[in-house]
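One structure is given here, and the rest of the page talks about it.
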DNA sequence: CGCCCCTCTGCTCATCTGAGCAGGCTCGCA
DNA sequence: TGCGAGCCTGCTCAGATGAGCAGAGGGGCG
């Protein structure tokens with residue numbers, strides 16, 4: 001064999017074959033005739049070209065997904081599903097893409113949940129807006145954590161749930177209570193109210209949950225809405241809080257950051273989320289990487305909808321690869 | 001039909017199908033099962049995605065070619081062959097790619113020319129260097145226009161021809177004469193010399209020609225070599241010269257720019273080139289677009305080896321877009 | 001209100017393509 | 001020089017794919 005000579009000659013052949021196959025879409029047989037090789041060789045040439053990256057196939061579409069990352073995320077964290085969208089440079093655009101993807105996912109969930117528990121926030125509101133009218137039929141919606149008010153002002157907790165329900169021809173049941181009460185007694189009292197208590201009870205019975213998460217900083221909707229002050233946030237951060245899930249602030253290791261505050265927080269608990277078959281976390285953007293990691297590594301969601309950067313962050317810099325093990329080291333046969 | 005709704009739904013399906021097919025390489029049947037459509041629909045979805053450019057297939061390789069452009073060039077200008085390489089940003093790199101492509105082409109020319117006529121210059125020298133040793137067997141080479149000298153200093157006219165011949169195990173016959181003589185009488189005299197006249201005669205019998213072209217400016221090798229002065233060039237430009245082919249300066253409409261100068265130019269004439277079955281023009285870079293156009297529109301070459309920018313320039317700014325239309329205008333027949 | 005046209009669907013069949021295998025070749029080593 | 005290993009080749013065969021076709025559904029126009 002002529003070693004270098006034939007290696008490069010082969011590569012050139014592969015390039016020619018690739019051009020003829022993918023650009024001119026000729027059949028492998030025809031290419032064989034042109035390049036004076038057998039069609040089997042053409043096939044091998046093409047396979048080789050694909051392996052060596054000579055052929056680059058790219059899917060350019062705003063709604064394209066990153067299936068490889070999805071698979072990795074699912075395997076690593078034992079998720080039921082993972083949706084990863086390509087990240088545009090623009091943060092606003094990114095949020096929109098993630099929201100759209102979440103809406104797409106929601107539409108496709110089988111079995112269709114009769115009752116869907118939703119939280120609220122900017123992200124969820126975008127998801128609601130991205131849902132097509134008639135995205136499902138007869139799906140009722142229940143709020144799973146205290147909302148801003150009953151007003152239907154766009155962007156408020158109520159409108160999110162209502163919009164999701166309306167677009168599926170269902171009823172929305174709102175949680176008529178603040179997210180965080182100032183005093184524990186008030187929280188207990190309002191929780192005891194038949195209306196409020198009933199809604200929380202109903203929320204526990206939801207077949208699926210859809211929620212996002214907030215970052216523990218002053219940009220939080222909790223600050224905007226007046227439930228927490230900048231000082232509260234500062235204290236939470238001192239206690240190690242990385243963000244909140246349905247109003248409950250947790251640390252990087254998945255525990256409640258401030259039990260006293262948490263006791264005053266009304267709505268579904270984290271355990272219900274952890275136990276749910278379908279708990280869809282919608283989260284995107286760099287600021288949310290820490291809270292996303294906290295959620296995902298501690299089993300608080302069964303489905304994640306996110307962007308590729310977040311996905312990479314989740315997969316790359318994990319310092320305690322707990323669940324990571326069953327992926328590589330012990331391989332397939334374990335009781336996982 | 002649900003118009004927008006289903007159109008975009010279809011597009012989304014196409015994207016999903018494309019992802020599963022090209023990234024996960026699942027079979028169309030499997031994809032059908034996943035997306036709940038028949039495998040035929042999946043096939044159509046993929047075809048659609050390819051048409052609409054959702055799927056982008058790119059061949060990344062320095063030796064890749066632009067077959068579509070080649071076909072267009074060939075059709076438009078009645079060429080026997082056209083080779084178009086992707087243009088790198090770097091001009092130096094571009095020249096190298098074009099030269100490599102020309103070498104590749106030369107290797108593949110069938111029937112193998114027993115005698116190859118070559119011109120000289122920087123481009124041709126690069127072609128010679130790009131040829132692999134043993135690129136052919138027994139191909140003799142003859143210079144078709146006057147060269148710098150008989151010295152074998154790299155880059156000179158002589159070394160180009162010699163290198164091409166040596167690498168094919170053949171003999172090189174040099175044209176031992178200046179490219180342009182100062183006086184017509186001298187030219188006639190030297191042409192009458194048996195050696196020189198014999199070489200020119202031999203050149204007329206070559207089975208193929210390989211040549212490049214120069215720009216009519218002071219960077220020309222003719223200026224470097226002392227055959228022409230900056231003033232000569234300025235005068236040529238005034239007469240409309242865009243560049244030279246085997247030493248003969250022509251205008252954009254393919255005529256000799258300065259007959260008196262041309263009469264003093266020794267070597268093959270343009271008519272021999274025009275009449276040749278295989279006259280391979282090797283030309284690349286923006287500066288050479290005008291001369292390339294002059295050559296190609298006036299039938300002075302039967303094969304062109306160039307870069308994609310030049311190819312586009314040749315195809316675009318021509319005022320007789322004969323074959324250009326069949327691309328978009330008539331489309332598929334809907335009122336979409 | 002009914003007809004026609006257009007598109008989309010799922011199908012049959014022929015073709016194309018990839019997996020896997022036996023033989024042959026070259027190369028490295030003794 | 002002879003032997004074994006490894007790679008490449010061309011093949012068989014089954015599965016995957018694309019072309020082309022008849023039928024169905026839906027919208028527009030008379």
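Chains as they are written, first to last, in UniProt numbering: chain A, 1 to 336; chain B, 1 to 336.
Glycine included, every Cβ here is placed at the ideal spot set by N, Cα and C.
### Message
Tell me the rounded alpha-carbon separation between residue 142(B) and residue 305(B).
### Response
20 Å
### Task
Please decide whether residue 93(B) counts as near chain A, where near means a Cβ-Cβ distance under 9 Å.
no
### For residue 153(B), three-class secondary structure by DSSP
Only weak support is given to the placement of residue 153(B): the predicted model assigns it a pLDDT of 49, under 50, and the value that follows is read from those uncertain coordinates. Reduced to three states, the DSSP call for residue 153(B) is coil.
### Message
Taking beta-carbon pairs under 7 Å, can you tell me which members of the segment 8-24 of chain B lie near chain A?
### Response
12, 15, 18, 19, 22, 23 and 24
### Task
Find the residues of chain B that neighbour residue 67(A), judging by a C-beta separation of less than 8 Å, and give them in chain order.
19, 20, 23 and 24
### Query
How close, in whole Å, do the beta carbons of residue 63(B) and residue 89(A) come, if the pair is a contact with beta carbons under 8 Å?
About 33 Å; that fails the 8 Å criterion.
### Message
9 Å is my cut-off, CB to CB: does residue 295(B) come that close to chain A?
### Response
no
### Query
Looking at the C-beta of residue 104(A), does it have a partner C-beta in chain B at a distance below 9 Å?
yes
### Message
Please confirm whether residue 304(B) has its beta-carbon closer than 9 Å to some beta-carbon of chain A.
### Response
Output row for residue 304(B): interface = no.
### alpha helix (DSSP H) segments (min. 4 residues) lying fully within the segment 185-225 of chain B
Along the segment 185-225 of chain B, the alpha helix (DSSP H) occurs as fully enclosed runs of 4 or more residues at 194-204 and 221-224, listed in sequence order.
### Task
Take residue 71(B) and list the residues in its own chain whose beta-carbon comes closer than 8 Å to its own, dropping the five residues that flank it on each side.
82
### Task
Evaluate residue 124(B) with the Cβ neighbour count: other Cβ atoms within 10 Å of its Cβ, from every protein chain shown; 16 or more gives buried, anything less gives exposed.
buried
### Query
Using 9 Å as the limit for Cβ to Cβ distance, is residue 58(A) near chain B?
yes
### Message
Quick check on residue 107(B): does DSSP put it in helix, strand or coil?
### Response
helix
### Message
Can you tell me whether residue 248(B) is helix, strand or coil according to DSSP?
### Response
strand
### Task
Could you tell me the distance, in whole angstroms, from the CA atom of residue 322(B) to the CA atom of residue 128(A)?
Residue placement at residue 322(B) cannot be trusted, given a pLDDT of 41 that sits under 50; what the coordinates show is reported in the next sentence. The alpha-carbon atoms of residue 322(B) and residue 128(A) are separated by roughly 53 Å.
### Task
Would you decide whether residue 53(B) is buried or exposed? Buried here means 16 or more other CB atoms lie within 10 Å of its CB.
Counting every other CB atom within 10 Å of its CB across the protein chains shown gives residue 53(B) a total below 16, marking it as exposed.
### Query
Closer than 8 Å, Cβ to any Cβ of chain B: which residues of the segment 61-85 of chain A, in chain order?
61, 63, 64, 65, 67 and 68
### Query
According to DSSP, which residues form a beta bridge with residue 57(B)?
57(A)
### Task
Could you tell me the distance, in whole angstroms, from the CA atom of residue 302(B) to the CA atom of residue 106(B)?
Rounded to whole angstroms, residue 302(B) to residue 106(B) spans 13 Å at the Cα level.
### Task
Report the three-state DSSP secondary structure of residue 46(A) (helix, strand or coil).
helix
### Query
Can the beta-carbon of residue 295(A) be found closer than 9 Å to that of residue 216(A)?
no
### Query
Does DSSP put residue 310(A) in a helix, a strand or coil?
helix
### Message
For a cutoff of 9 Å on Cβ pairs, would you count residue 380(B) as touching chain A?
### Response
For residue 380(B) there is no data in the structure shown, the boundaries of chain B being 1 and 336.
### Task
Taking C-beta pairs closer than 7 Å, name the residues in chain B that residue 283(A) reaches, listed in chain order.
Within chain B, no residue comes near residue 283(A); the closest Cβ sits about 22 Å away, beyond 7 Å.
### Query
Once you ignore the five residues that flank residue 258(A) on each side, which residues in its own chain have a CB closer than 8 Å to its CB?
For residue 258(A), where only same-chain residues beyond five positions count, the Cβ hits under 8 Å are 235, 236, 239, 241 and 249.
### Query
What span of residues does the alpha helix (DSSP H) with residue 171(A) cover, start to end?
From DSSP, residue 171(A) is part of no alpha helix (DSSP H); its letter is neither H nor E.
### Query
What separation, rounded to the nearest whole angstrom, lies between the Cα atoms of residue 198(B) and residue 118(B)?
16 Å
### Query
When the cut-off is 9 Å and only beta carbons count, does residue 200(A) lie next to chain B?
no
### Message
Does any residue of chain B have a CB that is nearer than 9 Å to the CB of residue 34(A)?
### Response
no
### Enclosing beta strand (DSSP E) for residue 90(A) [first to last residue]
Note, residue 90(A): premise wrong, no beta strand (DSSP E); not H, not E.
### Message
Please classify residue 219(A) as buried or exposed, where buried requires at least 16 neighbouring CB atoms within 10 angstroms.
### Response
exposed
### Sufficient close CB pairs (3 or more, under 8 Å) joining the segment 162-182 of chain B to the segment 260-269 of chain B
yes
### Query
Counting along the chain, where does the beta strand (DSSP E) carrying residue 141(A) start and finish?
Residues 140-143.
### Query
Under a CB-based cut-off of 9 Å, is residue 54(B) close to chain A?
Interface residue, yes.
### Task
With residue 283(B) as the anchor, note down where its alpha helix (DSSP H) starts and where it stops.
Here residue 283(B) belongs to no alpha helix (DSSP H), and DSSP marks it neither H nor E.
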